[in-house]
Every structure is written in C-alpha cells, then in structure tokens.
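Enquirer: Quick one: this structure, given as structure tokens, is what I'll be asking you about.
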Amino acid sequence: MNVLVLNTGSSSLKFQVIDTDPETMASDTDRRIAKGTIERIGSQGLLRFQNSAGRVTRNAQPVRDHRAAIDIAVRWLVSPEADIPQINSLADIHAVGHRVVHGGEKFTASTLITPEVIDGIEECIDLAPLHNPDNLRGIAAITEIFGAGIPQSAVFDTAFHHSMPEGSFLYAIPYQFYRRHRVRRYGFHGTSHRYVAYRYRKLLDIPKEQVNIITLHLGNGCSAAAIKGGRSIDTSMGLTPLEGLVMGTRSGDVDPAVIEYLMEKEGFSINQMDTLLNKQSGLLGISGLTNDMRDLLAEEQENNDRRASLAVQMFTQRIRKYIGAYLAEMNGADAIVFAGGIGENSAIIRQRVCQQMEWLGLHLDEQRNNTLQAGTEGRISADSSRLHAYVIPTDEELLIARDTVRLVEGIAVPSW
Ligand code: AMP
Numbered sequence: 249m250n251v252l253v254l255n256t257g258s259s260s261l262k263f264q265v266i267d268t269d270p271e272t273m274a275s276d277t278d279r280r281i282a283k284g285t286i287e288r289i290g291s292q293g294l295l296r297f298q299n300s301a302g303r304v305t306r307n308a309q310p311v312r313d314h315r316a317a318i319d320i321a322v323r324w325l326v327s328p329e330a331d332i333p334q335i336n337s338l339a340d341i342h343a344v345g346h347r348v349v350h351g352g353e354k355f356t357a358s359t360l361i362t363p364e365v366i367d368g369i370e371e372c373i374d375l376a377p378l379h380n381p382d383n384l385r386g387i388a389a390i391t392e393i394f395g396a397g398i399p400q401s402a403v404f405d406t407a408f409h410h411s412m413p414e415g416s417f418l419y420a421i422p423y424q425f426y427r428r429h430r431v432r433r434y435g436f437h438g439t440s441h442r443y444v445a446y447r448y449r450k451l452l453d454i455p456k457e458q459v460n461i462i463t464l465h466l467g468n469g470c471s472a473a474a475i476k477g478g479r480s481i482d483t484s485m486g487l488t489p490l491e492g493l494v495m496g497t498r499s500g501d502v503d504p505a506v507i508e509y510l511m512e513k514e515g516f517s518i519n520q521m522d523t524l525l526n527k528q529s530g531l532l533g534i535s536g537l538t539n540d541m542r543d544l545l546a547e548e549q550e551n552n553d554r555r556a557s558l559a560v561q562m563f564t565q566r567i568r569k570y571i572g573a574y575l576a577e578m579n580g581a582d583a584i585v586f587a588g589g590i591g592e593n594s595a596i597i598r599q600r601v602c603q604q605m606e607w608l609g610l611h612l613d614e615q616r617n618n619t620l621q622a623g624t625e626g627r628i629s630a631d632s633s634r635l636h637a638y639v640i641p642t643d644e645e646l647l648i649a650r651d652t653v654r655l656v657e658g659i660a661v662p663s664w
C-alpha cells in the first residue's frame, strides 16, 4: 500500500510516500518511494523533492497556503517529471497518514479520520492553537484533492504519553483547573519516542514490558521520556512543547514568575512573552547567534565564543538533570537512547551528556561513539556498562505509514 505521510508545520510541509504492508513491516522492508519538503509557505516557497531513485529537484515558487503546498506536492508526485515508477496517477496513492500535534485526552492512539475525529481535533485547537489548525488544513486539502473516499489517519504526537500517571501529568496547581480546562502535561514527540523504544526492543529482542529506558529526542525541539515497563511514565514537555529541555529557540523550564516580571519591566505583552520564550530563547537566546547546534559547536571550537559555549553547556546540563531525575523516578534504567538531528549526528554532544556518569555505571565507549555512522543505530557504551547508551535514528514517518496501513486493513495498531 502506498501511503502518503504528511507533516504540516506552521510554515512548512514535509511529506513522504512509503510503500508498506504487514509483510514488509515484519521484515523491515518498507520502501520509500518519494519525499520532499516545502518551506516558507505563505511567501516564496522553497521546494525540495526527491524521487525513489534519489534524484533531487529544487525549486522556488510562490506558495500561498497549506492547500497550495499539498497541491504542488501531489501534482509533482504524479507527474512524469518526478519519474516515480510506482505512482502514475492519484489512484496510486492508497491512503494518507497525518501527523497531528495535539490529541488532548481524547485520542490515546492513532485513528482513522472520520467527521467525528475532525471534530475532536478541532476541540483540541484551544490546547494547540499553533499546530492543530495546520493539521486540519492538511486533512481538508487531501479530501478536496483525492475525494472523500481516500482513507486518512491521524497519528498524534501526544498519544504515546497517555500512559503517564496522574502524578506525572498534573501540575501542582488547584485541581479544579485540570477538571475544568484539562490543564495538564500532555508531552509531545510521542511518535518519535515510540519509534525509538520499538527499535530498541527489536535490537535487543526483548518484550515490550522489559523496556526500561530514557529516550532523548534532541532536534530543534527537544524532549526526554522515561519509559518504564514499556510505558511512558514521564516526559519533559508539558501542556505545550515549551516545557523541559533547552531547545533551539525554546527556553524549556523557567520559573513562571519570570513572565510577569519581564512583562512589567519591559512592557511586553503576553504575545511578546510567548514569542520570546518560544522563538527567541534556548540556544539562540543564550548564544545570541543561532539555534543551529552545528554552528554553535563550530563557533565554540574555531572562535572560542563564550556564549556559544555557554549555550551548549546549558543544553547538555539540562539533559543530564532530566536523566538524573528520571533514573530516580524509574528506580534505574537499562539504557539512554539518543535520537533527533543532534542526538543522531553529534558525538561530542553525546559525550558531554554521558560524561561523569561512571558512578551510575555508564561508561561511554569513545571509539564507538566517534565512529558510529550518521543515520545508523548502535550501542555507544562499553560492554561493561550497567547503564548503556544507544543511538537510534528516529523515523516518525515510517511509524505513521505503518499505523495507517494497519488502520485501513483493520489490523490492531500496537501501542508501539
Ligand atoms: P532536527 O530538528 O531533528 O532536524 O534537528 C536539527 C538540529 O540538529 C539542528 O540544531 C542541527 O544543527 C542539528 N544537527 C544536525 N547535524 C548535526 C551535527 N552533525 N552535529 C551537531 N548538530 C547537528
């Protein structure tokens, strides 16, 4: 089954077409047929498409909105110019899987999209005003382009964390606000944490119930999850993706009193504070240079830049703090697992996160850490470690495609 996987962001669209079915899933032979990104939706769009043979096409053209972006992507997929042997017409795309950011308490697993599900995603807009509307636009665009008959699924970023106990997901504010407004921690990047935990289980050939790990999704957005007995029991992001680790442009944890204080001192509005904490903080805010970890590491090394160095130090320190907290909460773990653009590619960040944890039984194998090829999974701790460290490249799209096929074929979707 050829599944089009869509990830609609505020000004971007990422897509992949993956050919998968129950047999290919079992043998890990799912095939990537095409992928692409459209950035800067709403102005002069930047298009990057790649066909099954790996040929890349780049283009720039005005892209009005998400509907236009999806139109452009789909038209390219079926065009002779794309040269994708498996896709000649719309009929060769059999189903569409959407990444949906917020499923609230309503959606605890992936689901086929029906009018009721659309209503449910709309109800969650309050909780994710920046994300869910774009996801809904993506669903509407697909219905318009393919017709109402095409099966579509929603795979929620929050779903994997629904297993968190109350003590982890509640904020210690008056309980009535949870009851009245569902103010609580939901957690995000769930599809990534779930995929990484699944691959870990496969690598070790153990049942789900024996998975006791801390997963670290370190990309532009960053989050940690404590997975005990195969269930997410805590995670660093909260009501929104702002809480937790230091990220590219998000602050992560701050004392909420900072908000009122700065509003008063600087005359900021609540919107300006929101922008400050979400878009101007984190690595960018501390370094004053960039949110890109590669550039910060280069600045640190080549120019000895103090604030670049401080940003990187704060980034790794916050991760270590969460690892410590989760190890205490979990009564120990078997491994920590790195994923995401930074976790998968940066040996130096992994090394700085894992340093001085020998007392915990974590001994990094420098050789393994430094020589692990980008994009591959593997263990980077020494054989003698009690607490191991792994790198497992995440693949949210694959999981979305697989969930979609299972839903369409009426096969039970595993919790992960
Ligand atoms: P993602 O959001 O998962 O695509 O991750 C983006 C982040 O990964 C950016 O901060 C990049 O600078 C970072 N990244 C990608 N490759 C490397 C690398 N080789 N070393 C350090 N950071 C990297």
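For what it's worth, my numbering labels the leading residue of the sequence shown as 249, then goes sequentially.
For each residue, glycine too, the CB sits at the ideal point set by N, CA and C.
(1) Give every residue of the same chain whose Cβ lies closer than 7 Å to the Cβ of residue 528, excluding the five residues on either side of it in the sequence, and list them in chain order.
(2) Would the C-beta of residue 597 count as close to the ligand AMP, meaning under 8 Å from any of its heavy atoms?
(3) Starting from residue 285, trace the beta strand (DSSP E) both ways and give me its first and last residue.
(4) I believe residue 462 touches residue 474 by the beta-carbon criterion, under 8 Å. Please report the beta-carbon distance rounded to the nearest angstrom.
(5) Using alpha carbons as the reference points, say which of 272, 279 and 260 lies closest to residue 266.
(6) Please name the residue in 256, 313, 269 and 590 whose C-alpha comes closest to that of residue 405.
(7) Kindly indicate which three-state DSSP category residue 424 falls into: helix, strand or coil?
(8) Just to be sure I understand the criterion: a residue counts if its Cβ is closer than 5 Å to at least one heavy atom of the ligand AMP. Which residues meet that?
(9) Looking at the structure shown, is residue 623 part of a helix, part of a strand, or coil, going by DSSP?
(10) Using the rule of at least 16 other Cβ atoms within 10 Å of the residue's Cβ for burial, across every protein chain shown, is residue 517 buried or exposed?
(11) From 258, 386, 364 and 439, pick the residue whose C-alpha is nearest to that of residue 646; which is it?
(12) With a threshold of 8 Å, are at least 3 pairs of Cβ atoms found where one atom belongs to the segment 503-516 and the other to the segment 535-545?
(13) Classify residue 277 as buried or exposed, calling it buried when 16 or more other Cβ atoms lie within 10 Å of its own Cβ.
(14) Can you have a look at residue 627 and say buried or exposed, based on whether 16 or more other CB atoms are within 10 angstroms of its CB?
(15) Over what stretch of residues does the beta strand (DSSP E) that includes residue 461 continue unbroken?
(16) Our contact map puts residue 283 next to residue 264 with C-beta atoms below 8 Å; I'd like the distance itself, whole angstroms only.
(17) Use the C-beta contact count for residue 582: other C-beta atoms within 10 angstroms, 16 or more gives buried, fewer gives exposed.
(18) When the distance is taken between beta carbons, is residue 587 closer than 9 Å to residue 465?
(19) Please return the same chain residues whose Cβ sits closer than 8 Å to the Cβ of residue 388, not counting the five positions on each side in sequence.
(20) Could you please give me the residues that DSSP links to residue 584 through a beta bridge?
(21) Report buried or exposed for residue 484, applying the criterion of at least 16 other Cβ atoms within 10 angstroms of its Cβ.
(22) Roughly how many whole angstroms lie between the Cα atoms of residue 226 and residue 342?
(23) Would you grab the beta carbon distance between residue 350 and residue 372 for me? Rounded to a whole angstrom, and I think it's under 8 Å.
(24) When DSSP labels each residue in this structure, what does residue 326 get in the three-state scheme?
(25) Would the beta-carbon of residue 486 fall within 9 Å of that of residue 477?
(26) Check the DSSP bridge columns for residue 475 and list the partner residues they point to.
(27) Does DSSP put residue 354 in a helix, in a strand, or in coil?
(28) From which residue to which residue does the alpha helix (DSSP H) around residue 566 run?
(29) Tell whether a beta-carbon distance below 9 Å holds between residue 598 and residue 661.
(30) Do residue 393 and residue 667 have their beta-carbon atoms positioned less than 9 Å apart in this structure?
(31) What is the residue span of the alpha helix (DSSP H) that residue 533 lies within?
(32) Tell me, which residues are paired with residue 401 by DSSP?
(33) Does DSSP put residue 418 in a helix, in a strand, or in coil?
(34) Spell out the partners DSSP gives residue 255 in its beta bridges.
(35) Check residue 612 in the structure and name its three-state DSSP category.
Expert: Put simply:
(1) Reading the sequence shown from its first residue, position 280 is the one you call residue 528. Cβ within range, chain order: 497.
(2) Position 349 of the sequence shown, counted from the start, is the residue given in the question as residue 597. Yes, the Cβ of residue 597 comes within 8 Å of a heavy atom of the ligand AMP.
(3) The sequence position of residue 285 within the sequence shown is 37, counting from 1. Run containing residue 285: 279-287, per the beta strand (DSSP E) assignment.
(4) Here residue 462 refers to the residue found at position 214 of the sequence shown. Here residue 474 refers to the residue found at position 226 of the sequence shown. About 6 Å separates the two Cβ atoms, so the contact holds.
(5) Translated into positions along the sequence shown, residue 266 becomes position 18. Comparing Cα positions, the closest option is 279.
(6) Reading the sequence shown from its first residue, position 157 is the one you call residue 405. For residue 405, the nearest C-alpha among the options comes from 256.
(7) Along the sequence shown, one-based indexing puts residue 424 at 176. Residue state, collapsed to three classes: helix.
(8) The filter returns 467, 468, 540, 541, 542, 588, 589, 590, 593 and 594, in chain order.
(9) Along the sequence shown, one-based indexing puts residue 623 at 375. Correct three-state label for residue 623: coil.
(10) Residue mapping note: residue 517 aligns to position 269 of the sequence shown, counting from 1. Exposed: under 16 other Cβ atoms inside 10 Å.
(11) Counted from its first residue, the sequence shown places residue 646 at position 398. Residue 439 is the option with its Cα nearest to residue 646.
(12) At 8 Å Cβ cutoff, the stretches do not touch.
(13) Taking the sequence shown and counting its residues from 1, the one referred to as residue 277 is at position 29. Residue 277 should be labelled exposed.
(14) Position 379 of the sequence shown holds residue 627. Burial call: buried.
(15) Counting from 1 along the sequence shown, the entry for residue 461 is found at position 213. According to the DSSP assignment, residue 461 belongs to the beta strand (DSSP E) that extends over 461-466.
(16) Taking the sequence shown and counting its residues from 1, the one referred to as residue 283 is at position 35. Taking the sequence shown and counting its residues from 1, the one referred to as residue 264 is at position 16. By a beta-carbon distance limit of 8 Å, residue 283 contacts residue 264. Their separation comes to about 4 Å.
(17) Reading the sequence shown from its first residue, position 334 is the one you call residue 582. Classification of residue 582: buried, given that the 10 Å Cβ count is 16 or more.
(18) The residue you call residue 465 lines up with position 217 of the sequence shown. The residue you call residue 587 lines up with position 339 of the sequence shown. Contact: yes.
(19) In the sequence shown, the residue the question calls residue 388 occupies position 140. Correct list, in chain order: 315.
(20) Along the sequence shown, read from residue 1 onward, the residue named residue 584 stands at position 336. Listed as beta-bridge partners of residue 584 by DSSP are 462 and 637.
(21) Here residue 484 refers to the residue found at position 236 of the sequence shown. Counting Cβ neighbours within 10 Å, residue 484 comes out buried, since at least 16 surround it.
(22) Only positions 249 to 664 of the chain appear in this structure, which leaves residue 226 out of reach.
(23) As a working note, residue 350 is residue 102 in the sequence shown. As a working note, residue 372 is residue 124 in the sequence shown. The beta carbons of residue 350 and residue 372 sit about 5 Å from each other, so the pair counts as a contact at 8 Å.
(24) By 1-based counting over the sequence shown, the position of residue 326 is 78. Shown here, residue 326 sits in a helix according to DSSP, grouped into three states.
(25) For the purposes of this step, residue 486 is taken as residue 238 along the sequence shown, with counting starting at 1. For the purposes of this step, residue 477 is taken as residue 229 along the sequence shown, with counting starting at 1. For the 9 Å CB-CB criterion, residue 486 and residue 477 do not form a contact.
(26) The residue labelled residue 475 in the question sits at position 227 within the sequence shown. For residue 475, the pairing in a beta bridge is given by DSSP as 461 and 480.
(27) Position 106 of the sequence shown, counted from the start, is the residue given in the question as residue 354. Three-state DSSP puts residue 354 in coil, outside helix and strand.
(28) Here residue 566 corresponds to residue number 318 of the sequence shown, with the count starting at 1. Per DSSP, residue 566 belongs to the alpha helix (DSSP H) from 554-578.
(29) The sequence position of residue 598 within the sequence shown is 350, counting from 1. The sequence position of residue 661 within the sequence shown is 413, counting from 1. Not closer than 9 Å, so no.
(30) Nothing can be reported for residue 667, as the shown portion of the chain is limited to 249 through 664.
(31) In the sequence shown, the residue the question calls residue 533 occupies position 285. Per DSSP, residue 533 belongs to the alpha helix (DSSP H) from 530-535.
(32) By 1-based counting over the sequence shown, the position of residue 401 is 153. 345 and 360, per the DSSP bridge assignment.
(33) The residue labelled residue 418 in the question sits at position 170 within the sequence shown. In this structure, residue 418 counts as coil in the three-state DSSP scheme.
(34) Counted from its first residue, the sequence shown places residue 255 at position 7. Residue 255 pairs with 262.
(35) As a working note, residue 612 is residue 364 in the sequence shown. Correct three-state label for residue 612: strand.
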